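Student:
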Amino acid sequence: MQLFPCPFCGPRPETEFHYGGEAGKVRPEPAEAVSETAWADYLHAQANPKGVSREVWVHLACGEFFVLSRHTVTHEILGAEAMPGREA
Amino acid sequence: MSGWRLPEGGAIDRSRRLSFTFDGRPLTGHPGDTIASALLANGVRIVARSFKYHRPRGLFAAGVEEPNALVDVTRDGRTAPNLRATCEPLVEGLAVAAVNAAPDAGGDRQAWIDRFSRFLPAGFYYKTFMWPGWELFEPRIRAMAGLGRLDPDHRPPGTAPQIDAACDLLVVGAGPAGLAAARAAAARGERVLLLDDQPEPGGSLRWLGGTIGGADWHDWVQDTLERVAAAGGRYLAWTTAYGIYDHGLVCAWRRLGEAPDQLWRIRPQVSVLAAGAIERPLTFPDNDRPGVMLAEAALRYLRVWAVAPGRRAVVATNNDTAYRTAAALAEAGVAVEILDIRSDSPAMATCDLPVHRGRLPEGVVGRGGVTAVRAGGRELAADALLVSGGWTPSVHLWRHAGGRVRFAEELAAFVPDGAVNGLRVAGAANGRFGLAAALADGHTAAAGAGPAPQPELPDPAYAFEPAWPRPDAEGRQWIDLQNDVTLKDVALAAREGFRSVEHLKRYTTLGMATDQGKTSNMAGLAAMAELSGRSIPEVGTTTFRPPFVPVPLSILGGRRRGQFFNPLRRLQLEPEHRAADAAFREYGGWLRPAWYARSDDPGAGPTAVAAEARAARQAVGLFDGSPLGKIEVIGPDAAKLLDFVLYNRVSTLEVGRIRYVLMLSESGVVFDDGVVARLAEDRFVFSCSSGHVPAVRLRLEEWRQDRFDPARVFVHDATSHWATLTATGPRARALVEVALPQAAPALAELAHMTLAESAWEDVPLRIARVSFTGDRSYELSVPQSAAGRLWARLCAGLEGHGGRRIGLEALLTLRAEKGFVVVGKDTDGLTLPQDLGMEGPLRKRNDEFVGRRSLMLPDAQRDDRRQLVGLQVPDGAPPLPTGAHAVTGQGPQRRSIGYVTSSYDSPALGRPIALGLIERGRARLGERVRLLHLGAGLEATLCAPAFFDPQGARIDA
Ligand SMILES: [Zn+2]
Numbered sequence: 095m096q097l098f099p100c101p102f103c104g105p106r107p108e109t110e111f112h113y114g115g116e117a118g119k120v121r122p123e124p125a126e127a128v129s130e131t132a133w134a135d136y137l138h139a140q141a142n143p144k145g146v147s148r149e150v151w152v153h154l155a156c157g158e159f160f161v162l163s164r165h166t167v168t169h170e171i172l173g174a175e176a177m178p179g180r181e182a
Numbered sequence: 005m006s007g008w009r010l011p012e013g014g015a016i017d018r019s020r021r022l023s024f025t026f027d028g029r030p031l032t033g034h035p036g037d038t039i040a041s042a043l044l045a046n047g048v049r050i051v052a053r054s055f056k057y058h059r060p061r062g063l064f065a066a067g068v069e070e071p072n073a074l075v076d077v078t079r080d081g082r083t084a085p086n087l088r089a090t091c092e093p094l095v096e097g098l099a100v101a102a103v104n105a106a107p108d109a110g111g112d113r114q115a116w117i118d119r120f121s122r123f124l125p126a127g128f129y130y131k132t133f134m135w136p137g138w139e140l141f142e143p144r145i146r147a148m149a150g151l152g153r154l155d156p157d158h159r160p161p162g163t164a165p166q167i168d169a170a171c172d173l174l175v176v177g178a179g180p181a182g183l184a185a186a187r188a189a190a191a192r193g194e195r196v197l198l199l200d201d202q203p204e205p206g207g208s209l210r211w212l213g214g215t216i217g218g219a220d221w222h223d224w225v226q227d228t229l230e231r232v233a234a235a236g237g238r239y240l241a242w243t244t245a246y247g248i249y250d251h252g253l254v255c256a257w258r259r260l261g262e263a264p265d266q267l268w269r270i271r272p273q274v275s276v277l278a279a280g281a282i283e284r285p286l287t288f289p290d291n292d293r294p295g296v297m298l299a300e301a302a303l304r305y306l307r308v309w310a311v312a313p314g315r316r317a318v319v320a321t322n323n324d325t326a327y328r329t330a331a332a333l334a335e336a337g338v339a340v341e342i343l344d345i346r347s348d349s350p351a352m353a354t355c356d357l358p359v360h361r362g363r364l365p366e367g368v369v370g371r372g373g374v375t376a377v378r379a380g381g382r383e384l385a386a387d388a389l390l391v392s393g394g395w396t397p398s399v400h401l402w403r404h405a406g407g408r409v410r411f412a413e414e415l416a417a418f419v420p421d422g423a424v425n426g427l428r429v430a431g432a433a434n435g436r437f438g439l440a441a442a443l444a445d446g447h448t449a450a451a452g453a454g455p456a457p458q459p460e461l462p463d464p465a466y467a468f469e470p471a472w473p474r475p476d477a478e479g480r481q482w483i484d485l486q487n488d489v490t491l492k493d494v495a496l497a498a499r500e501g502f503r504s505v506e507h508l509k510r511y512t513t514l515g516m517a518t519d520q521g522k523t524s525n526m527a528g529l530a531a532m533a534e535l536s537g538r539s540i541p542e543v544g545t546t547t548f549r550p551p552f553v554p555v556p557l558s559i560l561g562g563r564r565r566g567q568f569f570n571p572l573r574r575l576q577l578e579p580e581h582r583a584a585d586a587a588f589r590e591y592g593g594w595l596r597p598a599w600y601a602r603s604d605d606p607g608a609g610p611t612a613v614a615a616e617a618r619a620a621r622q623a624v625g626l627f628d629g630s631p632l633g634k635i636e637v638i639g640p641d642a643a644k645l646l647d648f649v650l651y652n653r654v655s656t657l658e659v660g661r662i663r664y665v666l667m668l669s670e671s672g673v674v675f676d677d678g679v680v681a682r683l684a685e686d687r688f689v690f691s692c693s694s695g696h697v698p699a700v701r702l703r704l705e706e707w708r709q710d711r712f713d714p715a716r717v718f719v720h721d722a723t724s725h726w727a728t729l730t731a732t733g734p735r736a737r738a739l740v741e742v743a744l745p746q747a748a749p750a751l752a753e754l755a756h757m758t759l760a761e762s763a764w765e766d767v768p769l770r771i772a773r774v775s776f777t778g779d780r781s782y783e784l785s786v787p788q789s790a791a792g793r794l795w796a797r798l799c800a801g802l803e804g805h806g807g808r809r810i811g812l813e814a815l816l817t818l819r820a821e822k823g824f825v826v827v828g829k830d831t832d833g834l835t836l837p838q839d840l841g842m843e844g845p846l847r848k849r850n851d852e853f854v855g856r857r858s859l860m861l862p863d864a865q866r867d868d869r870r871q872l873v874g875l876q877v878p879d880g881a882p883p884l885p886t887g888a889h890a891v892t893g894q895g896p897q898r899r900s901i902g903y904v905t906s907s908y909d910s911p912a913l914g915r916p917i918a919l920g921l922i923e924r925g926r927a928r929l930g931e932r933v934r935l936l937h938l939g940a941g942l943e944a945t946l947c948a949p950a951f952f953d954p955q956g957a958r959i960d961a
């Protein structure tokens with residue numbers, strides 16, 4: 095069982111968290127101006143890096159979404175930060 | 005072998021006698037015995053039948069590595085299967101039974117299988133029973149093989165606690181290395197958690213003895229435990245660390261005997277693994293006969309339980325550690341001869357017992373047990389053959405944590421190599437054999453200050469010389485006792501190309517099952533290396549995975565059993581429903597009334613459902629809709645957030661009005677539906693489906709935090725705060741007016757899809773006119789604390805109006821009559837809003853909302869999408885089965901064009917109704933379709949989904 099650091103609550107067991115998505119993905123819009131390829135990329139294309147990955151997770155206990163950096167091979171946790179503009 | 009109890013000695017309580025049975029035979033032992041030591045003391049030789057060939061087997065080891073002595077143990081009417089007799093304490097009244105043997109281990113009637121063993125090589129079953137079908141043979145084969153029997157009525161007597169713990173230093177193993185590590189850490193004030201899988205501390209000190217730091221080992225162990233406790237640490241006896249997981253989590257199984265076992269989840273700063281080493285067998289023909297035992301196991305039986313394995317023993321070894329067994333047995337009065345592969349060694353030089361140099365066993369005489377050992381062309385009379393092939397460090401936990409190993413030639417063993425953060429290995433597990441080496445290594449692993457604890461005597465030499473399986477020898481040589489894998493099977497695997505160690509394991513089953521090859525893996529690797537002309541490190545090792553030993557499922561389940569296995573949410577009014585004879589079922593994670601019926605007859609349910617549905621259409625039905633979602637969205641940006649997250653705009657909604665909405669995923673798929681009421685300019689309540697509340701709340705929260713100013717909009721799930729009681733039907737208004745006279749003026753003005761906030765007695769009351777039945781309906785929401793009062797008030801008038809309480813089944817029937825969908829039942833993972841006939845918002849909206857772009861994709865615009873329709877069966881036909889597929893084409897061209905999603909017998913219409921998702925459904929209304937269900941052909945006519953009151957005239961009736 096991994097320990098994830100919630101920026102608001104501190105280290106907690108991974109079962110208290112849900113994966114939100116890849117961090118830094120920007121929703122393309124307005125819909126009329128978005129190509130099918132760009133939309134498909136947004137929906138389905140994941141970088142899925144072997145190594146350091148930045149991901150959005152939510153801590154279900156406090157309800158806060160945040161950005162987690164972790165290593166996808168070693169499962170090492172490299173850091174966690176509140177969403178931009180949110181104070182931890 | 006005929007084991008016997010020494011007249012004195014051992015850590016057993018001779019003043020008390022415990023009775024137990026083995027395969028029905030009454031036997032006795034003493035407190036302190038294990039089942040294994042008691043069996044040995046009673047002279048029981050055959051304790052098991054082997055897995056595949058039903059060969060007689062005896063005790064082979066004394067600890068966790070035991071491959072043979074698996075037993076089913078019954079106590080107080082409860083049977084636990086496949087326990088290792090070496091790890092179970094003897095308790096008064098145990099009924100012990102050998103596994104895989106009928107009627108008993110001594111006289112097993114499947115023993116004939118062994119005579120056909122040459123026809124049963126590795127892979128035999130798979131190869132031979134392929135035709136005509138493995139499934140025809142499997143039941144018989146499984147009945148003959150397999151191990152213990154599971155008792156279907158077995159229930160753990162109590163719930164296993166799951167305990168989370170943290171410590172500065174975790175030490176696995178309370179032998180000399182572990183104790184030295186714990187002592188060193190405690191000396192600088194660290195909180196130590198010290199685990200040992202045995203009921204008593206000391207590890208090998210318990211049978212090897214010794215003096216440490218000038219004190220007898222008992223005193224040194226006690227002193228160390230006191231120091232650990234004084235520094236705030238703890239020693240847990242009979243506790244097995246069985247796995248290391250991500251981020252250094254160590255899981256341990258603690259046994260207490262009478263109280264339920266415990267699961268410990270430990271988060272240490274640093275862990276020291278001092279799990280010791282496991283002795284290896286020697287490989288020679290018939291090396292599986294009862295009476296063949298690991299040499300150090302024999303010493304352990306002798307010292308800890310005062311049991312000798314026989315009267316005449318041959319000790320066979322390739323190293324000096326077995327000489328201490330030989331000496332101890334001789335001292336206890338056993339006649340001992342030694343076979344040694346080596347020509348010289350320090351122990352040999354000082355040994356005064358007969359030693360046959362340069363010799364190992366060439367075979368065993370005796371079927372049901374050793375009567376003599378063949379060596380050098382002679383037969384040495386013996387009833388016990390005690391073997392040592394050297395030692396294998398227990399690197400299991402190190403490997404779980406991702407640690408590397410290297411092959412140490414001088415030990416012919418894999419030892420830890422490199423580093424793992426926060427993890428150290430010490431003592432025999434680290435390849436440091438001997439008491440002084442273990443103490444020094446443990447002290448160092450814990451970064452101890454000053455000199456390490458010293459034993460009185462320096463360590464004797466290990467003086468090991470490898471003795472690997474010899475493929476050229478005659479006869480059947482066992483590599484893996486538990487899985488009945490012989491050297492021939494390994495040779496077959498090598499010949500057939502299964503040379504990778506992982507293939508070898510899967511093809512021959514070597515190293516599988518409950519012992520995971522603890523005594524067999526090294527011999528298997530060495531045999532494969534020899535057969536394939538490679539070195540042992542070239543063959544490599546298989547992956548070590550948790551658990552180190554079999555652990556009971558009860559500790560992994562913990563509290564999650566019975567009603568807590570998948571806890572259901574319960575209604576505040578459950579007692580009231582029960583008092584009214586409700587039959588409860590699960591709906592979306594809630595335990596809710598399905599119908600109300602006094603009788604449990606199979607026919608009572610459908611009869612009650614029909615009567616409830618009829619009463620609701622003709623008069624009034626009252627149901628408990630409390631699980632309905634009530635997610636409040638509050639703040640100046642509340643409308644903006646909801647507009648973005650929902651398919652339908654709510655910013656245009658007037659205060660006090662209600663709108664039906666869909667919630668889509670970004671793929672455009674319908675995720676949920678519900679109604680949104682605007683309570684104030686900046687306050688909405690979203691009544692989503694009861695089963696989707698947590699997911700809907702999380703989606704709102706995600707967009708709130710990701711896209712909006714969280715200071716300007718807030719999401720609050722108030723579902724559990726409110727009870728919602730709904731009256732529906734032509735007499736619903738009359739019922740509510742009589743029950744709540746104060747609300748009558750508000751009711752008079754309340755139009756369909758509007759909401760009034762008022763008060764009832766001393767609590768707030770929300771009245772919403774929303775209908776899931778098509779009839780006039782009033783949803784009355786009050787705080788849960790007032791639910792009982794309101795329910796009683798409404799029920800009091802129910803009979804006078806010809807109404808009934810209605811359960812979920814009647815409600816689901818009523819909504820299907822109207823063609824109203826249940827998202828997730830009448831929709832699937834491809835259903836878009838236009839498939840439900842809701843194109844409006846897509847056409848009209850030009851602002852962004854979740855899923856919008858997806859609805860514009862060519863696939864979303866296809867005209868052959870599956871669309872919601874009604875299905876009508878021919879007159880007199882029964883209801884369609886839910887899940888039946890509509891099909892088109894014949895033979896190989898036949899394909900599904902959709903399926904039935906809901907199907908009911910409609911009391912209002914007096915015939916069956918069904919909903920379905922059918923390709924081009926809306927363009928085909930009136931067409932007949934063929935359906936297929938479990939091979940049977942059916943037919944139906946497509947129609948509009950609203951079967952009842954399609955004009956909606958009844959909503960204001
Ligand atoms: Zn948190």
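Those sequence lines, one after another, are chains A and B. Residue numbering for the first sequence follows this note's numbering, beginning at 95 and increasing consecutively. Residue numbering for the second sequence follows this note's numbering, beginning at 5 and increasing consecutively. Each residue gets a CB set at the ideal place from its N, CA and C atoms; glycine is no exception. From a predicted model like this one, the values you see are computed outputs, not experimental measurements.
(1) With 7 Å set as the bound, which would you pick, yes or no: does the beta-carbon of V167 of chain A sit closer than that to a beta-carbon of chain B?
(2) Could you name the residues of chain B that G114 of chain A contacts, counting a contact when the two beta carbons are closer than 7 Å?
(3) Just tell me which of B:L390, B:G406, B:A412 and B:L384 has its CA closest to the CA of P397 of chain B.
(4) Check the Cβ of Y651 of chain B against every Cβ in chain A and list those closer than 7 Å, keeping chain order.
(5) List, in order along the chain, the chain B residues whose C-beta lies closer than 7 Å to that of A125 of chain A?
(6) Taking buried to mean at least 16 other C-beta atoms within 10 Å of its own C-beta, is Q709 of chain B buried or exposed?
(7) Applying the 10 Å Cβ sphere with the 16-neighbour rule, what's the burial state of M5 of chain B?
(8) If the cut is a Cβ gap below 9 Å, which residues of chain B does P149 of chain A touch?
(9) Consult DSSP for M5 of chain B and reduce its assignment to one of helix, strand or coil.
(10) With contact counted as at least three CB pairs below 8 Å, one residue from each stretch, are the region 105-124 of chain A and the region 14-32 of chain B in contact?
(11) Counting by C-beta, which residues lie closer than 7 Å to a heavy atom of ligand 1, in chain order?
(12) With H, G and I counted as helix, E and B as strand and the rest as coil, what does DSSP make of P35 of chain B?
(13) Starting from the beta carbon of E130 of chain A, find every residue of chain B whose beta carbon is closer than 7 Å, and list them in chain order.
(14) Whole beta strand (DSSP E) runs in the region 318-363 of chain B with 3 or more residues, listed along the chain?
(15) Considering only the alpha carbon of each residue, which of B:Q458, B:F568, B:G237 and B:E670 lies closest to G217 of chain B?
(16) Please report the straight-line C-alpha distance between W116 of chain B and H58 of chain B, rounded to a whole angstrom.
(17) Any beta carbon from chain A within less than 7 Å of M5 of chain B's own beta carbon?
(18) Please go through the same chain and pick out, in chain order, the residues whose beta-carbon is closer than 6 Å to the beta-carbon of D960 of chain B, but skip the five residues on each side of it.
(19) Going by DSSP, name the residue or residues bridged to D676 of chain B.
(20) Can you pull the chain A neighbours of L702 of chain B, defined as C-beta to C-beta under 9 Å?
(21) Cβ of Y246 of chain B less than 7 Å from any chain A Cβ?
(22) Give me, in chain order, the residues of the same chain whose beta-carbon lies closer than 7 Å to that of E69 of chain B; leave out the 5 immediate sequence neighbours on both sides.
(23) Whose C-alpha, out of B:R898, B:L913 and B:H889, is nearest the C-alpha of V904 of chain B?
(24) Going along chain B, which residues have a C-beta under 9 Å from Q96 of chain A?
Tutor: Well, looking at it:
(1) Translated into the one-based positions of the first sequence, residue 167 of chain A becomes position 73. By the rule that beta-carbons nearer than 7 Å mark a contact, V167 of chain A does not touch chain B.
(2) Counted from its first residue, the first sequence places residue 114 of chain A at position 20. Correct list: E706.
(3) Your numbering for residue 397 of chain B matches position 393 in the second sequence. For P397 of chain B, the closest C-alpha among the options B:L390, B:G406, B:A412 and B:L384 is that of B:A412.
(4) Taking the second sequence and counting its residues from 1, one reaches residue 651 of chain B at position 647. Residues of chain A passing the Cβ test: none, with the nearest at roughly 13 Å.
(5) To locate residue 125 of chain A, count along the first sequence from 1; it is residue 31. Listed along the chain, the chain B residues whose CB falls inside 7 Å of the CB of A125 of chain A are E852, R856, R857 and M860.
(6) For the purposes of this step, residue 709 of chain B is identified with residue 705 of the second sequence, where counting begins at 1. Counting Cβ neighbours within 10 Å, Q709 of chain B comes out buried, since at least 16 surround it.
(7) By 1-based counting over the second sequence, the position of residue 5 of chain B is 1. Low confidence applies to M5 of chain B: its pLDDT is 45, below 50, so where it sits in the model is not reliable enough to give any reading.
(8) Here residue 149 of chain A corresponds to residue number 55 of the first sequence, with the count starting at 1. In the sequence on display, residue 149 of chain A carries Glu and not Pro. Ordered by position in chain B, no residue passes the 9 Å Cβ test against E149 of chain A, which lies about 13 Å from the chain.
(9) Stepping through the second sequence from its first residue, residue 5 of chain B is reached at position 1. Bear in mind that the predicted position of M5 of chain B carries a pLDDT of just 45, short of 50, making it too unreliable to give a figure here.
(10) With the cut-off at 8 Å, the region 105-124 of chain A and the region 14-32 of chain B do not touch.
(11) In chain order, the residues positioned with their C-beta nearer than 7 Å to some heavy atom of ligand 1 are A:C100, A:F102, A:C103, A:R106, A:H153, A:A155, A:C156 and A:E158.
(12) Your numbering for residue 35 of chain B matches position 31 in the second sequence. The three-state reading of DSSP puts P35 of chain B in coil, since its state is none of H, G, I, E or B.
(13) For the purposes of this step, residue 130 of chain A is taken as the residue at position 36 of the first sequence. For E130 of chain A, the chain B residues whose C-beta falls within less than 7 Å of its own C-beta are L861, listed in chain order.
(14) Within the region 318-363 of chain B, the complete beta strand (DSSP E) runs of at least 3 residues fall at 339-344 and 359-361.
(15) Residue 217 of chain B sits at position 213 when you count from the first residue of the second sequence. Closest in C-alpha terms to G217 of chain B, from the list B:Q458, B:F568, B:G237 and B:E670, comes B:Q458.
(16) By one-based count along the second sequence, residue 116 of chain B stands at place 112. By one-based count along the second sequence, residue 58 of chain B stands at place 54. Taking the straight line from one Cα to the other gives about 8 Å.
(17) Working through the second sequence from its first residue, we reach residue 5 of chain B at position 1. Reliability fails at M5 of chain B, whose pLDDT of 45 lies under 50, so the model's placement of it is uncertain and the value that follows must be treated cautiously. Using a CB distance cut-off of 7 Å, M5 of chain B does not count as an interface residue toward chain A.
(18) Stepping through the second sequence from its first residue, residue 960 of chain B is reached at position 956. Around D960 of chain B, the same chain offers no residue with a beta carbon nearer than 6 Å, after the five sequence neighbours per side are excluded.
(19) In the second sequence, counting from the first residue as 1, residue 676 of chain B sits at position 672. B:M667, per the DSSP bridge assignment.
(20) Walking along the second sequence from the start, residue 702 of chain B turns up at place 698. One finds H112, V152, L154 and G157 in chain A with Cβ atoms closer than 9 Å to the Cβ of L702 of chain B, taken in chain order.
(21) For this step, residue 246 of chain B is matched to residue 242 along the second sequence. Not closer than 7 Å to any Cβ of chain A, the Cβ of Y246 of chain B fails to qualify, so no.
(22) By one-based count along the second sequence, residue 69 of chain B stands at place 65. Within the same chain, E69 of chain B has close Cβ partners I282, D519, K522 and T523.
(23) As a working mapping, residue 904 of chain B is identified with position 900 in the second sequence. If we check each option's Cα against that of V904 of chain B, B:H889 comes out closest.
(24) The residue labelled residue 96 of chain A in the question sits at position 2 within the first sequence. Y249, D250, H251 and L253, listed in chain order.
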